[in-house]
Amino acid sequence: MADCGRRPHSRGIVRGRGLRRGGQCHRTHELWQLARFAAGDRRDLVADVPERAVHQCSGSTSVDRTGNRVGDLPLAADSQGEGIRGGQVNTTVTFDNVSRFYGEVLGVNRVTLSIPPGITSLVGPNGSGKTTLMNMMAGLVRPTRGEVRVLGISPNEPQRLCHMIGYATQFDSFPRGLTGQEFIYSFLRLFGYSHDRCVKQAETAIARVRMTGAAARKIAGYSKGMRQRIKLALAIAHDPRVLILDEPLNGLDPLVRNETIALFREMAHEGRHVIVSSHVLHEVDQISDQVILLSNGYVVAEGQIHDVRGEIKDHPMQVWIRCAQPSVLASKLFEMDHVVEARLAQDGAGVLVKTRDADRFYRTLNDLAVNGIELEGVTPLDDNVNSVYEYLIGGESR
15 MADCGRRPHS RGIVRGRGLR RGGQCHRTHE LWQLARFAAG DRRDLVADVP ERAVHQCSGS
75 TSVDRTGNRV GDLPLAADSQ GEGIRGGQVN TTVTFDNVSR FYGEVLGVNR VTLSIPPGIT
135 SLVGPNGSGK TTLMNMMAGL VRPTRGEVRV LGISPNEPQR LCHMIGYATQ FDSFPRGLTG
195 QEFIYSFLRL FGYSHDRCVK QAETAIARVR MTGAAARKIA GYSKGMRQRI KLALAIAHDP
255 RVLILDEPLN GLDPLVRNET IALFREMAHE GRHVIVSSHV LHEVDQISDQ VILLSNGYVV
315 AEGQIHDVRG EIKDHPMQVW IRCAQPSVLA SKLFEMDHVV EARLAQDGAG VLVKTRDADR
375 FYRTLNDLAV NGIELEGVTP LDDNVNSVYE YLIGGESR
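Start counting the sequence shown at 15; every next residue gets the next number (the numbering used here).
What follows is the structure in structure tokens.
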């Protein structure tokens, strides 16, 4: 059982110029369970779903099989979107003294945040509270206390909120038997759009994630990276102002990863929020405008990425390198000013290296490989958030 009164020690966390120190578990149902619900009984969903057949509310669906509405439907997408996106709109995502408990288990505690447009990374090890914050933004989980607002809208108003956010979780949840194109189209029809608009927006979303060539293939045959991209296409298909993406770069090859990061930057440049979670430091450093560090349900620091990077640079990264000439490699690496240590393994099979600049280190390795040093394997030993937390919040002595 978590102790809601205990706060993590945060020695040295506030040295960065823009950093602010915070004082202050279960799988959820995705918003797109709409499509999954309907497709479970009707493989011909794409052709047959009536435009007015769905009631979406906080991740659930009420459907009259005859095509009639049940209860209060969300406002029509066309009529609602303009009002929300018009001039006087709050442009931040805010948490005001928010706590969430799952029974006696702490999810997050006393979180106060104001997230501006741009790319924001929620960073922390498993169980730190990242997914809980995302689920509260999406209205899938309600805070135990405190208030969450997304562009001024409460998650308790799903009829308004659902048009403003796009959410892609780390879990795969796809209707059986559909192609990528049908999957996106089905979601948009259930969302309330016309046939022509669904076709156009599905094609646009799929093109933005570079999946046009695979759009007519069954999702069941997609690779991990392709499934990640079709989930992203689903999240952006209805043109949301806030994207909430849980581990969105997992499973992507380097080329697609770079294209996806470029898409995030493009959307941030349009004034949108792109809120991502990650536990990979190099990834966070590459994509983020600002970062929120979480530990044990608390925000331990928040600020612009260059300020957090300044904290992390004092923490050398360890890399294990297997090679045919470890002594030659060690001597060459030790000539580099960013290498703190290069130690030969006792069995002579490799070198343990500590560096203060990961980018320069990997460029150096590439140059050495081109010039004849044979590398058999390169393994980062602590290029993850867990090791940095040990350093930043007192688990490792300075």
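We put the CB at the ideal spot given by N, CA and C, even for glycine.
Taking the C-alpha atoms as reference points, what is the distance between Ala413 and Ser341?
The structure shown has nothing for residue 413, since the chain only spans 15 to 412.
Contiguous alpha helix (DSSP H) assignments of at least 4 residues, all confined to the segment 233-287
238-250 and 268-283
Please state the DSSP three-state secondary structure of Met178.
coil
Separation of Ile167 from Phe109, as counted between CA atoms:
Rounded to whole angstroms, Phe109 to Ile167 spans 12 Å at the Cα level.
From Asn7 to Pro172, what does the alpha carbon distance come to, in whole angstroms?
Lying before the first or after the last residue shown, residue 7 is absent from the chain, which here runs from 15 to 412.
From the DSSP output, in three-state form, read off Val77 for me.
The pLDDT assigned to Val77 is 36, lower than 50, so where the model puts this residue is not dependable, and the model offers no usable value.
So for Ser341, helix, strand or coil by DSSP?
Helix.
Among Leu248, Arg377, Gly235 and Arg241, which has the Cα closest to the Cα of Val213?
Leu248
Can the beta-carbon of Val107 be found closer than 8 Å to that of Met148?
Not in contact: Val107 and Met148 (Cβ atoms no closer than 8 Å).
If you count every other CB in all the chains shown that lies within 10 Å of the CB of Ala372, and 16 or more means buried, which is it?
buried
Which whole-angstrom value describes the C-beta separation of Val162 and Val305, a residue pair presumed to lie in contact below a C-beta threshold of 8 Å?
Wrong, their Cβ atoms sit about 20 Å apart, outside the cutoff.
Taking the Cβ atom as the reference point for each residue, do Pro268 and Ala182 lie within a distance shorter than 8 Å?
no
By DSSP, does Met148 sit in helix, in strand, or in coil?
helix
Using only the alpha-carbon positions, how far apart do Gly132 and Ala363 sit?
Whole-angstrom Cα-Cα distance: 45 Å.
With a Cβ-Cβ cutoff of 8 Å, do Pro394 and Val333 count as a contact?
yes
In three-state DSSP terms, what is Val367?
strand
Should Val68 be labelled buried (16 or more other beta-carbon atoms within 10 Å of its own) or exposed?
At Val68, the pLDDT of 33 sits below 50, so the modelled position is not reliable and the matter cannot be decided from this model.
How would you label Ala229, buried or exposed, when you count the other beta carbons within 10 angstroms and need 16 or more for buried?
buried
Am I right that His287 and Leu257 are in contact with their C-beta atoms under 8 Å? What's the rounded C-beta distance?
7 Å
My output table needs one value for Thr108: the three-state DSSP class, helix, strand or coil.
strand
In angstroms with no decimal places, state the Cα-to-Cα distance between Met225 and Met240.
8 Å
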